[in-house]
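Visitor: Here UniProt numbering is used: the sequence shown runs in plain steps of one and ends on residue 186.
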Amino acid sequence: MPRKKRVWYPGASYHITSRGIRRTSLFLDEEDREKYLRLLTEVMEERPFILQTYCLMTNHIHLQIKTLQHSPSDIIRTLHFNYAIYFNKKYDFTGHVFESRYGSELITSAQYELEVNRYIHLNPIRAGMVEGLEEYPWSSYFDYIETKEGSMVNSERIFAYFPEPKPEQYLQFLHARGKESDQYPI
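Shown next, in the form of structure tokens:
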């Protein structure tokens, strides 16, 4: 049975997920996570796209991207091919590092765009890895609460949904539960 064709057009936004083969760890140490982020930056330069949110978990990754002139397939294929070469060489492994094809969900509304952002950032808490996001350095959380020169993360589109002071309003949204979250456009 053929695979379902993915929808892509320039300017489309996606929630990308991918996990390690047989749900094994993709990152065995900090150097692996740093390498993945460096490769992500290199791919952004070679095949430009906008990175809005990311989170590197132990056995899977989440990316929220907006495409420009390259499809998500082209972007992820290049990124994961290069990471697999690095990982297999470092650990003297062979074969696949990532399980099957990456997952992608087309983001079609402001509500879903914000919900994906929140879901990605809260992933380490939901997984029981940390109690607070400030304890987890492997996500774009700090790119949203601190202004960084030269960051690979573009928070402008997400921040456009919030009044000033944007980082503080964003934090309220991120941690909002139940009725409190009704004040946000999701």
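Cβ atoms here follow ideal geometry from the backbone N, Cα and C, with glycine treated the same way. From a predicted model like this one, the values you see are computed outputs, not experimental measurements.
Which residue spans inside the region 92-139 form an unbroken alpha helix (DSSP H) run of at least 4?
Guide: Entirely contained in the region 92-139, the alpha helix (DSSP H) runs reaching 4 residues are, in chain order, 110-126.
Visitor: Between the alpha carbons of Gly150 and Thr41, how many angstroms are there, rounded?
Guide: Those two C-alpha atoms are separated by around 11 Å.
Visitor: If you measure from the CB of Tyr83, is any heavy atom of the ligand FAD nearer than 8 Å?
Guide: The ligand FAD is not part of this structure, which contains no ligands at all.
Visitor: Output the distance between the C-alpha atoms of Ser25 and Gln172, rounded to the nearest integer angstrom.
Guide: Cα-Cα distance, rounded: 32 Å.
Visitor: Beta-carbon within less than 6 Å of Thr58's beta-carbon, same chain only, minus the 5 sequence neighbours each way: which residues are those?
Guide: Here the set comprises Ser25.
Visitor: Give me, in chain order, the residues of the same chain whose beta-carbon lies closer than 8 Å to that of Arg6; leave out the 5 immediate sequence neighbours on both sides.
Guide: So the list reads Ser71, Pro72, Ser73 and Ser104, once near-sequence residues are dropped.
Visitor: How long is the line joining the alpha carbons of Thr53 and Tyr144, rounded to whole angstroms?
Guide: In a straight line, the C-alpha of Thr53 is about 9 Å away from that of Tyr144.
Visitor: Is the beta carbon of Asn117 closer than 9 Å to that of Leu51?
Guide: Not a contact, by the Cβ cut-off of 9 Å.
Visitor: Have a look at Gly132 and Ile125 and give me their C-alpha separation to the nearest angstrom.
Guide: The alpha-carbon atoms of Gly132 and Ile125 are separated by roughly 7 Å.
Visitor: Looking only at its chain, what residues have a beta carbon closer than 6 Å to the beta carbon of Ser13, apart from the 5 residues adjacent to it on each side?
Guide: Excluding residues within five positions, the ones whose Cβ falls inside 6 Å are Lys66 and Ile107.
Visitor: Consult DSSP for Leu51 and reduce its assignment to one of helix, strand or coil.
Guide: Of the three classes helix, strand and coil, the one that applies to Leu51 here is strand, per DSSP.
Visitor: Let me check one thing: in DSSP terms, what residues is Tyr14 bridge-paired to?
Guide: DSSP output for Tyr14 lists Ile65 and Leu106 as bridge partner(s).
Visitor: What three-state label does DSSP hand His70 in the structure shown?
Guide: It is coil, neither helix nor strand.
Visitor: Return yes when the Cβ of Thr78 is within less than 9 Å of the Cβ of Val43, no when it is not.
Guide: Result yes, Cβ atoms of Val43 and Thr78 sit closer than 9 Å.
Visitor: DSSP on Val153, reduced to helix/strand/coil?
Guide: Looking at Val153 - three-state DSSP - the assignment turns out to be strand.
Visitor: With DSSP as the reference, identify every bridge partner of Leu56, one or two as the case may be.
Guide: For Leu56, which the question treats as bridged, DSSP gives the partners Ile61.
Visitor: Just verifying my parser: in three-state terms, what is the DSSP assignment at Arg38?
Guide: Arg38: helix per DSSP, three-state reduction.
Visitor: Since Tyr161 and Ala110 should fall inside the 8 Å C-beta cutoff, what is the C-beta to C-beta distance between them, to a whole number of angstroms?
Guide: 7 Å between Cβ atoms; contact.
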